[in-house]
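*Asks:* First the structure, which I've put down as structure tokens, then a few questions once you've had a look.
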Amino acid sequence: MELLSFMYSGKLSTTSPTLLLDVLMAADKFEVVSCMHHCTQLLRSLPMTTESALLYLDLPVSVSMASAVQPLTDAAKDYLANSYKDITKKLRKVLTCNDLDHELASKLVTEALFFKAEALCRQRAFSADESSHKRFMERAYKYRPLKVVEFDRPHPQCIVYLDLKREECAKLFPSGRVYSQAFHLGGQGFFLSAHCNLDQQSLFHCFGLFLGMQEKGSISFTVDYEFAARTKPSGEFVSKYKGYYTFTGGKAVGYRNLFATPWTSFMAEDSLYFINDTLHLRAELTIKQSQSPSLQ
Numbered sequence: 001m002e003l004l005s006f007m008y009s010g011k012l013s014t015t016s017p018t019l020l021l022d023v024l025m026a027a028d029k030f031e032v033v034s035c036m037h038h039c040t041q042l043l044r045s046l047p048m049t050t051e052s053a054l055l056y057l058d059l060p061v062s063v064s065m066a067s068a069v070q071p072l073t074d075a076a077k078d079y080l081a082n083s084y085k086d087i088t089k090k091l092r093k094v095l096t097c098n099d100l101d102h103e104l105a106s107k108l109v110t111e112a113l114f115f116k117a118e119a120l121c122r123q124r125a126f127s128a129d130e131s132s133h134k135r136f137m138e139r140a141y142k143y144r145p146l147k148v149v150e151f152d153r154p155h156p157q158c159i160v161y162l163d164l165k166r167e168e169c170a171k172l173f174p175s176g177r178v179y180s181q182a183f184h185l186g187g188q189g190f191f192l193s194a195h196c197n198l199d200q201q202s203l204f205h206c207f208g209l210f211l212g213m214q215e216k217g218s219i220s221f222t223v224d225y226e227f228a229a230r231t232k233p234s235g236e237f238v239s240k241y242k243g244y245y246t247f248t249g250g251k252a253v254g255y256r257n258l259f260a261t262p263w264t265s266f267m268a269e270d271s272l273y274f275i276n277d278t279l280h281l282r283a284e285l286t287i288k289q290s291q292s293p294s295l296q
């Protein structure tokens, strides 16, 4: 009925993704190309989910006129690429490993990605499930996980949160370092690294925080950045260091003594920076200058 209605009025009354897909399939069967294009436009305007994106990817093999749904499948690819842009190298290795059955490897990697996309409460529920806890239990991270909030306007910007437990910081002494997972801004990969440094002037150890650029590319741009940490007694974030830096691939910038205090004071029981034995760090990055080609 919806297809007939469109053929007479040029309009559809439904906005349900499921019903729109049904209309699209019917329009393909009866070769009503204009209706297929209209359904594609409506579906692209609706919020996309992982499940709907996967359905849209199957459309080219389900319809006879694949070109009519190409904009929708392209949008689905972009959505999935952005949702899972941080797929780890190890998961890629699992997918390409010849020692594992490809179908099994794909299933396990997909489960892992869906798990990462779930809310924290759902992750904990999966981890507590006796039938799946061995697959979904939290591993010891080589690269510390981050929480990232991204903004596009008025400038490309992201706010990155990194939490380190007191025992993790203690293991950094006397010259250790720990790296965060990668995050992206302006199409480039960045990471945070926390260090135990030896202050060259005062000759005492101290806590340092650095921001590094991951890829070695031909892009150079200036980033305004600010490091902050939660402090007692308020528990609010307090700015500790800010500046700007023109990044090229592989470069890093930061502050060797972020808290302007010796390591012993930083790690002390009455330290201002450990709240419930956790150090809460925040880095705010903003690109305010346009990117320009670099000859490096």
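Per our numbering, the sequence shown starts with residue 1, numbered consecutively.
Even for Gly, the Cβ is constructed at its ideal location relative to N, Cα and C.
#1: What's the gap between the Cα of H133 and the Cα of V94?
#2: Quick one: what does DSSP say D270 is sitting in, helix, strand or coil?
#3: Would G243 and L209 be called neighbours here (beta carbons separated by less than 7 angstroms)?
#4: For the segment 180 to 193 against the segment 229 to 240, do three or more pairs of beta-carbon atoms, one drawn from each stretch, fall closer than 8 angstroms, so that the two count as touching?
#5: Output yes or no for whether 7 angstroms exceeds the beta carbon distance between P71 and T50.
#6: Given L295, which residues of its chain have a CB within under 7 angstroms of its CB, disregarding the five upstream and five downstream residues?
#7: Quick one: using the 10 Å Cβ neighbour count with 16 as the cut-off for buried, is V32 buried or exposed?
#8: So if DSSP puts M213 in a beta bridge, which residue, or which two residues, is it bridged to?
#9: Locate the beta strand (DSSP E) running through E226, then write down its first and last residues.
#10: Considering just the uninterrupted stretch of the beta strand (DSSP E) at R44, what are its terminal residues?
#11: Per DSSP, R282 is paired with what?
#12: Buried or exposed: where does H205 fall if 16 or more other Cβ atoms within 10 Å of its Cβ makes it buried?
#13: Drop a sphere of 10 angstroms on the beta-carbon of V160, count the other beta-carbons inside from all chains shown, and report buried for 16 or more, exposed for fewer.
#14: When the distance is taken between beta carbons, is D224 closer than 7 angstroms to K288?
#15: Once DSSP output is grouped into helix, strand and coil, what is the label at E236?
#16: Considering only their Cβ atoms, is the gap separating A252 from G187 smaller than 7 angstroms?
#17: What first and last residue would you give for the beta strand (DSSP E) that runs through V23?
#18: How would you label V149, buried or exposed, when you count the other beta carbons within 10 angstroms and need 16 or more for buried?
#19: Helix, strand or coil for G10, going by three-state DSSP, please let me know.
#20: Taking Cβ to Cβ, would you say A229 is nearer than 7 angstroms to L281?
#21: Put K288 into one of helix, strand or coil per three-state DSSP.
#22: Taking the beta carbon of A76 as the centre, do at least 16 other beta carbons fall within 10 Å, making it buried, or is it exposed?
*Replies:* Let's see:
#1: Interpretation of H133 is limited by its pLDDT of 48, a score under 50 that renders its predicted location unreliable; the figure taken from the coordinates is listed afterwards. The alpha-carbon atoms of H133 and V94 are separated by roughly 20 angstroms.
#2: D270 falls in the coil class under three-state DSSP.
#3: No, the Cβ-Cβ distance between G243 and L209 is not below 7 angstroms.
#4: Cβ pair count under 8 angstroms is below three, so no.
#5: No; because the gap between Cβ atoms is not below 7 angstroms, this pair is not in contact.
#6: Note on L295: pLDDT 37, under 50, position unreliable in the model; no value is reported.
#7: Using a 10 angstroms sphere on the CB of V32, the tally of other CB atoms reaches 16 or more, which defines it as buried.
#8: For M213, which the question treats as bridged, DSSP gives the partners F190.
#9: Taken as a continuous stretch (DSSP letters only), the beta strand (DSSP E) holding E226 covers I219 to R230.
#10: Following the DSSP letters along the chain, one finds R44 in no beta strand (DSSP E) but inside the alpha helix (DSSP H) bounded by residues V33 to S45.
#11: DSSP, once it has assigned bridges, lists Y161 and A228 as partnering R282.
#12: Around the CB of H205, 16 or more other CB atoms lie within 10 Å, so the residue is classed as buried.
#13: Residue burial is scored here from C-beta neighbours: V160 has at least 16 other C-beta atoms within 10 angstroms and is therefore classed as buried.
#14: In contact: K288 and D224 (Cβ atoms closer than 7 angstroms).
#15: When DSSP states are grouped into helix, strand and coil, E236 belongs to the coil group.
#16: Contact flag unset, no.
#17: Not the beta strand (DSSP E): V23 falls in the alpha helix (DSSP H), residues P17 to K29.
#18: With a threshold of 16 other beta carbon atoms within 10 Å, V149 falls short and is exposed.
#19: If DSSP states are grouped into helix, strand and coil, G10 belongs with coil.
#20: Yes. Within cutoff.
#21: Coil.
#22: Result: buried.
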